[in-house]
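Each residue of the sequence shown is one higher than the one before, counting from 80 in UniProt numbering.
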Amino acid sequence: DPPMAPATSTTVPCQYRTGKTLGSGTYAIVKEAVHIKTGKYYACKVINKKLMEGREYMVRNEIAVLKRVSKGHKNIVTLHDYFETTHNLYLCFDLCTGGELFDRICAKGNYFEADAANLVRTIMAAVDYIHDCGIVHRDLKPENLLFRDKREDADIMIADFGLSRVMEEEKLQLLTEICGTPGYMAPEIFKKSGHGKPVDIWAMGVITYFLLCGYTPFDRDTQEQEMQAIIAGDYAFEPAEYWQNVSEVAKSFVTDCLTIDPRNRPTAKEALQHKWLASDQPHFVADT
Ligand code: ADP
Ligand code: MG
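Next up, the structure:
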């Protein structure tokens with residue numbers, strides 16, 4: 080089915096008043112917006128048409144994907160409304176007031192292992208849902224994982240389907256374009272050998288590593304060195320002082336997700352069965 084605006088689409092853009100900026104990316108600025116009639120708050124992604132010229136399909140794609148996945152899962156941001164003016168395209172989402180996972184990791188230094196496992200389990204279950212819908216997110220990273228509210232135990236939400244793709248179910252259509260954020264990109268993306276759902280599992284491995292120690296596994300001085308490290312799977316659970324309180328079962332989860340060959344990497348369902356996520360019991364160093 081061809082991508083089109085959601086059923087709630089409207090051509091009356093002055094129903095919202097935009098406020099402070101919540102964040103920004105390559106093509107978009109996300110602003111707080113209040114629906115004038117109801118007084119309800121939303122997050123409004125404002126996309127400049129001129130900047131997007133020739134790439135309008137990316138926004139149509141994002142809307143099509145959101146129509147497929149949002150509302151179906153409580154950990155995926157919901158698209159409420161979509162409209163355009165002469166200069167801009169507007170996507171109105173549920174407002175997540177709790178900020179990005181990225182900022183919480185930076186503020187904490189790192190997460191306690193049991194808290195990290197709970198977050199990773201929740202995100203992985205949402206990834207499993209997305210994959211079952213035939214969609215690859217392709218840009219999973221802590222900047223695109225948002226907390227619904229400011230509470231410590233707030234729901235975590237997957238946002239930013241701007242780079243996601245609908246995969247033809249059984250046809251295993253392989254994507255070859257280079258996309259994403261270098262540090263979270265899987266080796267097969269650089270090898271241009273085609274990629275699909277496993278790239279999201281790789282990114283989950285990088286995110287888990289980051290949660291547990293507070294830095295990313297393939298961080299290097301240059302992007303070229305970073306890419307070479309990713310292709311070689313060159314990372315370690317070092318320096319030791321950052322990893323001494325992390326269990327072997329947590330490390331084995333990261334190792335599984337960071338399997339170089341995508342065919343041998345666990346699926347989201349398999350990852351959810353990993354010992355680290357399968358039980359609610361925290362794994363302490365002593366039990367390894
Ligand atoms: P881009 O494609 O430009 O990266 P995103 O959809 O990731 O756009 O939005 C950019 C930033 O805006 C996010 O990293 C986040 O900080 C903020 N943001 C996006 N959606 C929401 C939302 N629903 N609620 C609150 N903040 C949001
Ligand atoms: Mg983003």
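Beta carbons are placed, not taken as given, at the ideal position from N, Cα and C, and that holds for glycine.
No experiment lies behind these values; they were computed from the predicted model shown.
*State buried or exposed for residue 123, treating a residue as buried only when at least 16 other CB atoms are found within 10 Å of its CB.*
buried
*Tell me where the alpha helix (DSSP H) around residue 180 begins and ends.*
180-187
*When the Cβ atoms of the segment 184-194 are set against those of the segment 281-296, are three or more pairs found closer than 8 Å?*
yes
*Give me the Cβ distance between residue 381 and residue 219, rounded to the nearest whole Å; I'm assuming they're in contact under 8 Å.*
The structure shown has nothing for residue 381, since the chain only spans 80 to 367.
*Neighbour-count burial assignment, residue 239, 16 or more Cβ in a 10 Å radius*: buried
*For residue 168 versus residue 126, is the C-beta spacing smaller than 8 Å?*
yes
_Within 10 Å of its beta-carbon, does residue 311 have 16 or more other beta-carbons around it, so buried, or fewer, so exposed?_
exposed
*Does the Cβ of residue 112 have 16 or more other Cβ atoms within 10 Å, making it buried, or fewer, making it exposed?*
buried
_Quick check on the contact list: which residues have their beta carbon closer than 5 Å to a heavy atom of the ligand MG?_
104, 223, 239
*Starting from residue 336, trace the beta strand (DSSP E) both ways and give me its first and last residue.*
First-last for residue 336: 327-336, but that is the alpha helix (DSSP H), not the beta strand (DSSP E).
*Using only the heavy atoms of the ligand ADP, determine whether one of them is closer than 7 Å to the beta carbon of residue 179.*
yes
_For residue 262, the three-state DSSP class (helix, strand or coil)_ = helix
*Shortest alpha-carbon distance to residue 159 belongs to which of 263, 271, 148?*
148
*asked:* Using the Cβ count rule (16 or more neighbours within 10 Å means buried), how would you classify residue 355?
replied: buried
*By DSSP, does residue 294 sit in helix, in strand, or in coil?*
coil
*asked:* Measuring straight from C-alpha to C-alpha, what distance separates residue 201 and residue 134?
replied: 32 Å
*From the DSSP output, in three-state form, read off residue 154 for me.*
coil
*Assign residue 284 to one of three DSSP states: helix, strand, or coil.*
helix
_On the criterion of 16 or more Cβ atoms from any shown chain inside 10 Å, does residue 185 qualify as buried, or is it exposed?_
exposed
*Count the other CB atoms, across all protein chains shown, that sit within 10 Å of the CB of residue 187; report buried if there are 16 or more and exposed otherwise.*
exposed
*asked:* For residue 93, count the other beta carbons within 10 Å of its own beta carbon; 16 or more makes it buried, fewer makes it exposed. Which is it?
replied: exposed
*Verify whether the separation of the beta carbon atoms of residue 228 and residue 176 is less than 8 Å.*
yes
*Do the CB positions of residue 305 and residue 241 come within less than 8 Å of each other?*
no
*Contained beta strand (DSSP E) runs [length at least 3] in the segment 174-239, N- to C-terminal order*: 224-226, 235-237
*Is residue 297 closer than 8 Å to residue 314 when the C-beta atoms are compared?*
yes
*Report back the beta-carbon spacing between residue 115 and residue 96 to the nearest angstrom; my notes put them in contact at under 8 Å.*
6 Å
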